[in-house]
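Listed below in structure tokens is the structure:
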């Protein structure tokens, strides 16, 4: 299949094809296990030709991770004209659906964020920053109190939501609705308690 | 310094010394970066002698991570005779103080838990399971509602608490008390909302 197809794709289409193959392969392996030999083989081209489109293995990894992060960012961007509660729900369900559908890719990136793959730390970090900003945007839209620790709390809430979604039994009937409701509740209760710490008893 | 000291330590003391050096070194590097050559050098023994006490690099890594996990587990075990609120506070402040004081070791292990170091996944996993059981124990002691998702929620709460502690500005005056209060609030609000999802508006 390779010969003719190779000449028919434009450079942009070829790059897109290779990145797409990389994204598919991240579904069952970590970034470290992503072999450019295997990517080239699946595309029906030589490894040498792959490196005609990408400067290095690192460059290819970065392109794959950037594509995954762009999709994640797009999936979690609500229509800005929605009213606050609907906006927040759209953000949360976008987050839940993306992570459920791309659980393995998400884990591969979270692993990266935790420091195991320095080649993509900046891309993953910037994506997490975008998401954290969106959390704070939602919090402001809902009229919840601003607080000095809001940025930190937003990131901690994201860690909570990630862990919940990644481990949720998504195959059970109704599980996705229940998960979205749980994450919505946590958003309100966690970010809403910043101005009233110490709820167990007065300290 | 090495010669005499080598003969004076018992095998158990020597193993303890080497594990202690490994723990210290995890303060500024990941498990993958922990060089047994460097450990042996710091102990003033040969690399060969290190492997007299540990079967392999993997065996040494496991001993170091087991020691770190044992300390973490011990630091977060409250006196069982405390009344519920005091028990929960002791658990949370043990968690906060340990993670603040061993931030880098903790990150090195979290990285491990996220999948980057298969040699210790079982040890870190068992430790996280112990902690999650303790969260559920605290929740029962406080008389909070039991729920089908409690185990999952406990793990998500731990991810929240980890992220908050690791990023908290610990050097600010009063920051540690504020952090403990914040984590306590989150414990009550997150685990208390399992029986009332959907707090934004009725669904």
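Protein chains in written order, with the numbering used here: chain A, 1 to 203; chain B, 204 to 406.
Positions of the beta carbon are idealized from the N, C-alpha and C atoms, including for glycine.
Backbone CA spacing between residue i and residue j [nearest angstrom]
i                     : j                     : result
residue 16 (chain A)  : residue 79 (chain A)  : 27 Å
residue 31 (chain A)  : residue 345 (chain B) : 43 Å
residue 191 (chain A) : residue 55 (chain A)  : 43 Å
residue 103 (chain A) : residue 244 (chain B) : 43 Å
residue 225 (chain A) : residue 23 (chain A)  : Nothing in the structure corresponds to residue 225 (chain A), since chain A is present only between 1 and 203.
residue 339 (chain B) : residue 391 (chain B) : 12 Å
residue 388 (chain B) : residue 129 (chain A) : 25 Å
residue 119 (chain A) : residue 88 (chain A)  : 32 Å
residue 161 (chain A) : residue 168 (chain A) : 10 Å
residue 376 (chain B) : residue 273 (chain B) : 30 Å
residue 246 (chain B) : residue 221 (chain B) : 7 Å
residue 75 (chain A)  : residue 230 (chain B) : 38 Å
residue 92 (chain A)  : residue 183 (chain A) : 7 Å
residue 255 (chain B) : residue 327 (chain B) : 25 Å
residue 228 (chain B) : residue 213 (chain B) : 23 Å
residue 8 (chain A)   : residue 98 (chain A)  : 33 Å
residue 318 (chain B) : residue 139 (chain A) : With a pLDDT of 48 at residue 318 (chain B), under the threshold of 50, the predicted position of this residue should be treated as unreliable, though the coordinate-derived value follows. Answer to the nearest angstrom: the Cα atoms are 32 Å apart.
residue 223 (chain B) : residue 152 (chain A) : 33 Å
residue 384 (chain B) : residue 170 (chain A) : 33 Å
residue 58 (chain A)  : residue 47 (chain A)  : 14 Å
residue 285 (chain B) : residue 297 (chain B) : 14 Å
residue 12 (chain A)  : residue 347 (chain B) : 57 Å
residue 293 (chain B) : residue 359 (chain B) : 20 Å
residue 150 (chain A) : residue 369 (chain B) : 15 Å
residue 14 (chain A)  : residue 236 (chain B) : 37 Å
residue 106 (chain A) : residue 350 (chain B) : 27 Å
residue 113 (chain A) : residue 320 (chain B) : Bear in mind that a pLDDT of 49 at residue 113 (chain A), under 50, signals an unreliable position, so the model cannot answer this.
residue 133 (chain A) : residue 77 (chain A)  : 11 Å
residue 381 (chain B) : residue 304 (chain B) : 16 Å
residue 45 (chain A)  : residue 357 (chain B) : 48 Å
residue 60 (chain A)  : residue 240 (chain B) : 34 Å
residue 238 (chain B) : residue 232 (chain B) : 10 Å
Cβ-Cβ separation, residue j to residue i (assumed contact under 8 Å), whole Å
i                     : j                     : result
residue 65 (chain A)  : residue 109 (chain A) : 7 Å
residue 242 (chain B) : residue 253 (chain B) : 6 Å
residue 163 (chain A) : residue 362 (chain B) : 4 Å
residue 379 (chain B) : residue 299 (chain B) : 7 Å
residue 275 (chain B) : residue 330 (chain B) : 6 Å
Chain-ordered neighbours of residue i on chain A, where CB pairs are closer than 8 Å
i                     : result
residue 237 (chain B) : The contacting residues do not exist; residue 237 (chain B) stays about 14 Å from chain A at best.
residue 371 (chain B) : 152
residue 275 (chain B) : Those within 8 Å of residue 275 (chain B) in chain A number zero; the least Cβ separation is about 17 Å.
residue 350 (chain B) : Result: empty, since nearest Cβ-Cβ is about 10 Å, beyond 8 Å.
residue 293 (chain B) : Ordered by position in chain A, no residue passes the 8 Å Cβ test against residue 293 (chain B), which lies about 12 Å from the chain.
First and last residue of the uninterrupted alpha helix (DSSP H) at residue i
i                     : result
residue 360 (chain B) : 353-370
residue 373 (chain B) : Residue 373 (chain B) -> no alpha helix (DSSP H), and no H or E assigned at all.
residue 257 (chain B) : Unbroken run through residue 257 (chain B): none, as it is neither H nor E.
residue 291 (chain B) : 287-304
residue 33 (chain A)  : Looking at the DSSP string, residue 33 (chain A) is not in any alpha helix (DSSP H), and its letter there is neither H nor E.
residue 135 (chain A) : 121-141
residue 23 (chain A)  : 11-25
Contacts of residue i in chain A (Cβ-Cβ under 7 Å)
i                     : result
residue 358 (chain B) : 163, 167
residue 296 (chain B) : Ordered by position in chain A, no residue passes the 7 Å Cβ test against residue 296 (chain B), which lies about 12 Å from the chain.
residue 393 (chain B) : 186, 189, 190
residue 243 (chain B) : Within 7 Å Cβ-Cβ: nothing; residue 243 (chain B) doesn't reach chain A, min ~26 Å.
Closer than 8 Å at the beta carbon, the chain B residues around residue i
i                    : result
residue 68 (chain A) : Ordered by position in chain B, no residue passes the 8 Å Cβ test against residue 68 (chain A), which lies about 17 Å from the chain.
residue 60 (chain A) : Under the 8 Å cutoff, chain B gives no residues; its nearest Cβ is about 20 Å from residue 60 (chain A).
Interface partners of residue i on chain B, CB under 9 Å
i                     : result
residue 132 (chain A) : Ordered by position in chain B, no residue passes the 9 Å Cβ test against residue 132 (chain A), which lies about 11 Å from the chain.
residue 54 (chain A)  : Result: empty, since nearest Cβ-Cβ is about 24 Å, beyond 9 Å.
residue 119 (chain A) : By Cβ distance, chain B contributes nothing, its closest Cβ being about 14 Å from residue 119 (chain A), past 9 Å.
residue 213 (chain A) : Past the boundaries of the shown model lies residue 213 (chain A); chain A is included only from 1 to 203, so the question cannot be answered.
residue 63 (chain A)  : Neighbours of residue 63 (chain A) on chain B: none; closest Cβ ~22 Å, over 9 Å.
residue 43 (chain A)  : The contacting residues do not exist; residue 43 (chain A) stays about 27 Å from chain B at best.
Contacts that residue i makes with chain B (C-beta to C-beta distance below 7 Å)
i                     : result
residue 27 (chain A)  : Residues of chain B passing the Cβ test: none, with the nearest at roughly 15 Å.
residue 126 (chain A) : None at all; the shortest Cβ gap to chain B is about 17 Å.
residue 75 (chain A)  : Neighbours of residue 75 (chain A) on chain B: none; closest Cβ ~21 Å, over 7 Å.
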